[in-house]
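Novice: Residue numbers (the numbering used here), protein chains in the order written: chain A, 1 to 333; chain B, 334 to 623; chain C, 624 to 1049.
In this text, a Cβ means the ideal position worked out from N, Cα and C, and glycines have one as well.
Quick caveat, the model's predicted, so the values are computed rather than measured.
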Amino acid sequence: MKKRRERIDRGIKVRAGDVFALCSWREVLYLAGPKLLPIIGCLILPLLLNAYWQKVFLSVAVFALLAISWDLLAQTGMISLGQALFYGMGAYVSGILNHYWGLHPFITIPVAAILGGIICTLLLLPVLRLRGIYFSMVTLIIPLMLVRLIEATRIFGGTEGLSGMTPLPSKWLELYLIVLVLLCALFGFRRMLSSDFGLVLKGINDNDRSVMNAGINIYLFKTQALFIASAIGAFTGAFMTHVYMFVGMPVFALDYSILPIAAAIVGGPGSLAGATLGAFILVPLSEILRGIGGLRIVFYGLFLVVFIVALPEGIFHYIQRKYHRFERWVEVD
Amino acid sequence: MFLGTVVYAVINSVILMLMAIGFNLTFGISGVANFAHGALYILSAYVSWMLLNMLGLPFFISALFSILITTLVGALMYRFVLIRVRGQVLSEVIATFGIGLAILELFRYLGFVGFEYTLPVFIDTSFFVAGVYVDMQRILIVVLGAVLVFGLWLFTHHTSLGLAFRGIAQDERTALTLGIDTDWIATLSVSLGAGLAALAATIIIPLGSISPGEGYDVLIKALAVCIIGGLGSTGGVIVASFIIGFAERFTDSYISSHWTMIVSLAAILIVLTMKPSGLFGKQKELEERI
Amino acid sequence: MNRFVVLLSIMAVTIFSFVTPGTNSYAAEPIIIAVPTSLGFLEGKESHRAVQMAVTEINAKGGVTVGGVKRPFKVAAIDIRDAARGVPVTEALLGLEKIILEKKPAAIVVGPFRSEALMAGMDIIAKYKVPMLGTIAMSPGSEKKLKGDPEKYKYVFRTCLNAVHLVKYLAGTMALINKEFGFNKVYVMHQDVAWARATAGFVKKVYFDKAGWEIVGLEAYPTGTSDFSSGLMKARAKGAQVIMPIFDMPQSGILVKQWKTMRVPAIMTGFISPLAGSGAWKIFDKKIGGAINNIFELGSAIDSAKVPQSKIFYDKYKRTYGKALQAGHGPAPSYESVYILAEAIERAGSLDPDAIVAELEKTDRNGVMGRVRYDEGHQAIFGFDPKETAVSTVFQWTKTGKRVIVFPASIAEGKIELPPGLKSLK
């Protein structure tokens, strides 16, 4: 007698499928819960944490945004190995604006997000014409080379960097600004990806030649996706510049490239929520593991390999499946 | 001074070529971009250091062993990890990158940092060439580079295995119909790439020291050479490494040493805007494999 | 599903087995000394050990008397990785902040590795008011920052050599070479980081320009450079008699190797970190005879019979850890800092940071490095006589693999000898 496993939608999912879901609190909660949980969680969490974990929360949010930006690119078929480029570019633009012209953070952060996005897009524009591995190679290499450019020319503070940036007016503003941006990015871009625009982006990833056959200029769409992703990255860099009141060569460090990828892979590539979830797991974990020093980076590496090979769907998709469906063993005749 | 710079520029170019050729070969044959290349380079150096200093084996035997071990690691990496994600470029890149990261950071964590981690030179003399002293090790590097390029050419053009390599590089499915086991060939290509990284490490490391950071540098240098030369093209690698190698040494001599590091960045940006697939890139924009 | 759970739990178990919560119970509540630095690097590792050695010694005597109670010291170390290339300063600062918040240390010893991290970290130190006795980062920028706002940054002290004092030593050695051999053509090669750049610039300004030396070349090398042939060719072509290197990266050992194989007829006088320890002779295949190098503080990797404490410290370290000190920078001041701190706490009679700082400012201690006092920038004063100030040492590798101290005169053991191929002009 053989058995097989069968997956069936939960009753509540079926019941909540149409407008009559509004009749029952349980069903409304079932539908709204997955969205409300992160919103409420993000809004309340900063109040419960002590000063140190609030700092960690900031980096969680920053890495979540970088992971979202990575996933957005990956869904368009561009695998970036250099989120640090976006992060660093934003950090330097806002740092320069603040240091040399004394502009207020409320001006430098949005300007840096947009200007940084434009510069990164222009830098990577030539590679967009190529498929496959070139994009990864070039994104990996450019931030590491930019570091050397700054080191060699000694522009913008050289190896010492620029310090003494204007901080944001209050700690709570810092926390809630980044939470707000994170939630907007998460839900906004999720919506965008399910719109027609997002469909084209995903189409480019699946089969770019068919998209071209449909008379769509894929380079235009790729450029737009790249700009959006790099603007998010640049925003995080600009934001952190004002939090740490410092910008220097380390903003192009490999950490900013690796952690977002790890977060997206662990959380579940192909969904922005997965990328966010990954950051919310990995960054605090890495803080707890700080005691083991350099070994945690070894773990990142192994995490990447294990998840990509054994669990390519990631944690988010697993949870999502469990939420909507249940499994049971049935006999095979 | 000028001739001396030329001599050292040639040496520098050959070093770059040795670093890049393994990466390029693997990609050219099986399409796997092995981002663990730098880590394998460092791994082999540490393995031979450990055999040499902990087990007390003679240098040539430990070097030979370390090359064999690294080759084996490359094969195992393909068999156990890459084969499951073959053809998905995202997964290949991330998996190899993860492996490389784990290897390098493990060595850093274990405290393998410092100048005592180095390998001995093969023969310790120096010659007076073109107005400068050049040591035997650097001359050996140039000789080995030339032999290696010639050997690879012979291998890929005149042996059946080499022809099989080129076969799957050109069209994997057709190669399959002709009875070439593509998985086996791809395994060989990754392990051959790893072996070449190990060989490069064995001969280049005696000039300096082994450190985890060097692993990232080697990967970056290999990538830079491949981007400029065009992925998968051996001719491109040779030309590109000579371009970067000469540019670096001449900037060092005639402009200033702190500009050397950004020569390759400039070269990459120029090549990308002029010819995005690299100087000798065979891939057309949309025909590229992945 | 099962595979998923099993994999996750395996991962969790492996990770948490590495996290070892170390809770020891003491009779009296221990005073925590935090050591946040790059523990993976030689200087950081040996400094950490030196701190531990001092703490063990103090605890063996019963500890430190605070308000009538004897309390032991306890070391809490964290690897902030700031010396590794490409690690963000922010990441290093998070480590610093973490150890302050979680271990609540009474003071910090050793501290950040890179001056860049120290400068940025000063704000955190000021925020949490934890006295810090730095022993590795060297840029004088931190004193400038301290003098700019002494009330805010007064918690930061530095027991090790800084770039300004290093300059005095380099200039002194150059003056000695000039006097003995009449050389006056120098080729300067330095690493492109804050402290080395500052040092090279100062030596030029303070000594070379005034003493009529000709600087035939000045090259800055990015961290990680692995080929110095062009620089050495230039030094040779321009007839330099002295090469002054200032490097603290492991790759700088390549410079020594290339200097030897390219047979550049110039004496190598400066600072190259891999050349400092006694182990360098073997590492460089016995081919560094003639090179003159600086050991930043007496006691770190070298001892002098003229300062008995340095010999006791050097030998004790060797006995305790089975290997002689190799780091030319860090261990001795780290060891001293613990004693300086213990004395200051006893004098202050409390753990109040402001009281400790006030007492630290009055420090006057005869120890491993000579006599330690702090100036108004909270920098230990270095001079040429161990009875008056702390001292640094300049030594030369002999042809037989011994290290002979040649400068300063108060502790010198021998005279500078020229490498073959280089003739004295006198």
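Would you mind working out which of C:972, C:764, C:706 and C:847 sits nearest residue 148 of chain A, comparing C-alpha positions?
Specialist: On the first sequence, position 148 is the one that residue 148 of chain A refers to. Nearest to residue 148 of chain A by alpha-carbon distance, out of C:972, C:764, C:706 and C:847, is C:847.
Novice: Residues of chain B with CB under 7 Å from residue 675 of chain C, in chain order?
Specialist: Residue 675 of chain C sits at position 52 when you count from the first residue of the third sequence. Ordered by position in chain B, no residue passes the 7 Å Cβ test against residue 675 of chain C, which lies about 16 Å from the chain.
Novice: Specify the secondary structure class of residue 517 of chain B as computed by DSSP and reduced to three states.
Specialist: Position 184 of the second sequence, counting from 1, holds the residue named residue 517 of chain B. Looking at residue 517 of chain B - three-state DSSP - the assignment turns out to be helix.
Novice: Can you give me, in chain order, the residues of the segment 422-438 of chain B that have a beta carbon less than 8 Å from any beta carbon in chain C?
Specialist: none
Novice: Taking C-beta to C-beta, are residue 226 of chain A and residue 124 of chain A nearer than 8 Å?
Specialist: Taking the first sequence and counting its residues from 1, one reaches residue 226 of chain A at position 226. Taking the first sequence and counting its residues from 1, one reaches residue 124 of chain A at position 124. Against a cut-off of 8 Å, the Cβ pair of residue 124 of chain A and residue 226 of chain A comes out as a contact.
Novice: For the ligand ADP, is there any heavy atom lying closer than 7 Å to the beta carbon of residue 842 of chain C?
Specialist: With respect to the ligand ADP, the structure offers nothing, as it holds no ligand at all.
Novice: Determine the DSSP secondary structure at residue 587 of chain B, reduced to helix, strand or coil.
Specialist: Translated into positions along the second sequence, residue 587 of chain B becomes position 254. Residue 587 of chain B: helix per DSSP, three-state reduction.
Novice: Can you look up residue 331 of chain A in the DSSP assignment and give me helix, strand or coil?
Specialist: On the first sequence, residue 331 of chain A is found 331 positions in, with the first residue counted as 1. Strand, per DSSP.
Novice: Less than 8 Å between the beta carbons of residue 243 of chain A and residue 81 of chain A, yes or no?
Specialist: As a working mapping, residue 243 of chain A is identified with position 243 in the first sequence. As a working mapping, residue 81 of chain A is identified with position 81 in the first sequence. No.
Novice: Residue ranges of each beta strand (DSSP E) run of no fewer than 3 residues wholly in the segment 807-881 of chain C, ordered along the chain?
Specialist: 808-814, 837-844 and 865-870
Novice: I'd like to check one pair, residue 1026 of chain C with residue 1013 of chain C: are the Cβ atoms closer than 8 Å?
Specialist: The residue given as residue 1013 of chain C occupies position 390 in the third sequence. The residue given as residue 1026 of chain C occupies position 403 in the third sequence. Inclusion of residue 1013 of chain C and residue 1026 of chain C in the CB contact set at 8 Å is not warranted, their separation being larger than that value.
Novice: If you scan the segment 659-725 of chain C from start to end, which runs of the beta strand (DSSP E) of 3 or more residues do you find wholly inside it?
Specialist: 687-689, 692-694 and 696-702
Novice: Measure from the alpha carbon of residue 87 of chain A to the alpha carbon of each residue in A:118, A:107, A:99 and A:151, then state which is nearest.
Specialist: Taking the first residue of the first sequence as position 1, residue 87 of chain A is located at position 87. Out of A:118, A:107, A:99 and A:151, A:118 has the C-alpha closest to the C-alpha of residue 87 of chain A.
Novice: Going along chain A, which residues have a C-beta under 9 Å from residue 885 of chain C?
Specialist: Position 262 of the third sequence holds residue 885 of chain C. In chain order: nothing, as chain A lies at least about 25 Å away.
Novice: Within 8 Å (strictly less), CB to CB, does residue 646 of chain C reach chain A?
Specialist: For this step, residue 646 of chain C is matched to residue 23 along the third sequence. Reliability fails at residue 646 of chain C, whose pLDDT of 41 lies under 50, so the model's placement of it is uncertain and no value is given.
Novice: Leaving out five residues before and five after residue 266 of chain A in sequence, what residues of the same chain have Cβ atoms less than 7 Å from its Cβ?
Specialist: Indexing the first sequence from 1 puts residue 266 of chain A at position 266. Contacts found: 278, 281, 282, 303, 307, 314 and 315.
Novice: So, does the CB of residue 51 of chain A fall closer than 8 Å to a CB anywhere in chain C?
Specialist: One-based indexing of the first sequence puts residue 51 of chain A at position 51. Yes, contact with chain C.
Novice: Is it right to say residue 931 of chain C is buried, meaning 16 or more other beta carbons lie within 10 angstroms of its own, or is it exposed?
Specialist: Position 308 of the third sequence, counted from the first residue, corresponds to residue 931 of chain C. With a 10 Å radius around the Cβ and a threshold of 16 neighbouring Cβ atoms, residue 931 of chain C comes out exposed.
Novice: Once you ignore the five residues that flank residue 972 of chain C on each side, which residues in its own chain have a CB closer than 6 Å to its CB?
Specialist: For the purposes of this step, residue 972 of chain C is identified with residue 349 of the third sequence, where counting begins at 1. Excluding residues within five positions, the ones whose Cβ falls inside 6 Å are 690.
Novice: Applying the 10 Å Cβ sphere with the 16-neighbour rule, what's the burial state of residue 561 of chain B?
Specialist: As a working note, residue 561 of chain B is residue 228 in the second sequence. Around the Cβ of residue 561 of chain B, a 10 Å sphere holds 16 or more other Cβ atoms; the residue is buried.
Novice: Could you tell me whether any Cβ in chain F is nearer than 8 Å to the Cβ of residue 712 of chain C?
Specialist: Among the chains of the structure shown, chain F does not appear; the protein chains present are A, B and C.
Novice: Does the CB of residue 244 of chain A have a neighbour CB from chain C at under 8 Å?
Specialist: Walking along the first sequence from the start, residue 244 of chain A turns up at place 244. Chain C, which has a Cβ nearer than 8 Å to the Cβ of residue 244 of chain A, makes this yes.
Novice: I need the straight-line Cα distance from residue 1009 of chain C to residue 1033 of chain C, nearest angstrom please.
Specialist: Numbered from 1 along the third sequence, position 386 holds the residue referred to as residue 1009 of chain C. Numbered from 1 along the third sequence, position 410 holds the residue referred to as residue 1033 of chain C. Distance between the alpha carbons of residue 1009 of chain C and residue 1033 of chain C: 8 Å.
Novice: Whole angstroms are fine: how far does the CA of residue 916 of chain C sit from the CA of residue 898 of chain C?
Specialist: Sequence index remark: in the third sequence, residue 898 of chain C carries index 275 (1-based). Sequence index remark: in the third sequence, residue 916 of chain C carries index 293 (1-based). Cα to Cα, residue 898 of chain C sits roughly 7 Å from residue 916 of chain C.
Novice: Is there a Cβ from chain C that is less than 8 Å from the Cβ of residue 389 of chain B?
Specialist: For the purposes of this step, residue 389 of chain B is taken as residue 56 along the second sequence, with counting starting at 1. Taking Cβ atoms only, chain C never reaches closer than 8 Å to residue 389 of chain B, which makes this a no.
Novice: Measure from the C-beta of residue 610 of chain B to each C-beta in chain A and report whether the shortest distance is under 8 Å.
Specialist: In the second sequence, counting from the first residue as 1, residue 610 of chain B sits at position 277. True, the Cβ-Cβ gap to chain A drops below 8 Å.
Novice: Which of the three DSSP states, helix, strand or coil, is assigned to residue 759 of chain C?
Specialist: Within the third sequence, numbered from 1, the residue matching residue 759 of chain C stands at position 136. DSSP places residue 759 of chain C in coil when its eight states are reduced to three.
Novice: Let me know the beta strand (DSSP E) ranges lying completely inside the segment 237-276 of chain A, each 3 residues or longer, listed in chain order.
Specialist: none
Novice: Residue range of the alpha helix (DSSP H) that residue 345 of chain B falls in?
Specialist: Numbered from its first residue, the second sequence carries residue 345 of chain B at position 12. DSSP places residue 345 of chain B inside the alpha helix (DSSP H), whose first and last residues are 335-363.
Novice: So which residues of chain A does residue 557 of chain B contact, with C-beta pairs closer than 7 Å?
Specialist: One-based indexing of the second sequence puts residue 557 of chain B at position 224. Going along chain A in sequence order, the residues near residue 557 of chain B (Cβ under 7 Å) are 141.
Novice: Given that a residue counts as buried once 16 or more other Cβ atoms are within 10 Å of its Cβ, and exposed if not, what is residue 483 of chain B?
Specialist: What you label residue 483 of chain B is simply residue 150 of the second sequence in a count that begins at 1. Exposed, since its Cβ has fewer than 16 Cβ neighbours within 10 Å.
Novice: Just grab the DSSP bridge partners of residue 1020 of chain C for me.
Specialist: For the purposes of this step, residue 1020 of chain C is identified with residue 397 of the third sequence, where counting begins at 1. Residue 1020 of chain C pairs with C:1026.
Novice: With DSSP run on the structure shown, which of helix, strand or coil describes residue 1047 of chain C?
Specialist: Stepping through the third sequence from its first residue, residue 1047 of chain C is reached at position 424. In the structure shown, residue 1047 of chain C sits in coil (DSSP, three-state: anything other than H, G, I, E or B).
Novice: Decide if residue 83 of chain A is buried, meaning its Cβ has at least 16 other Cβ atoms within 10 Å, or exposed.
Specialist: Numbered from its first residue, the first sequence carries residue 83 of chain A at position 83. Buried, because 16 or more other Cβ atoms sit within 10 Å of the Cβ of residue 83 of chain A.
Novice: From residue 860 of chain C to residue 875 of chain C, what does the alpha carbon distance come to, in whole angstroms?
Specialist: On the third sequence, residue 860 of chain C is found 237 positions in, with the first residue counted as 1. On the third sequence, residue 875 of chain C is found 252 positions in, with the first residue counted as 1. Rounded to whole angstroms, residue 860 of chain C to residue 875 of chain C spans 21 Å at the Cα level.
Novice: Which residues in chain B have a C-beta closer than 9 Å to the C-beta of residue 1002 of chain C? List them in chain order.
Specialist: In the third sequence, the residue the question calls residue 1002 of chain C occupies position 379. The contacting residues do not exist; residue 1002 of chain C stays about 28 Å from chain B at best.
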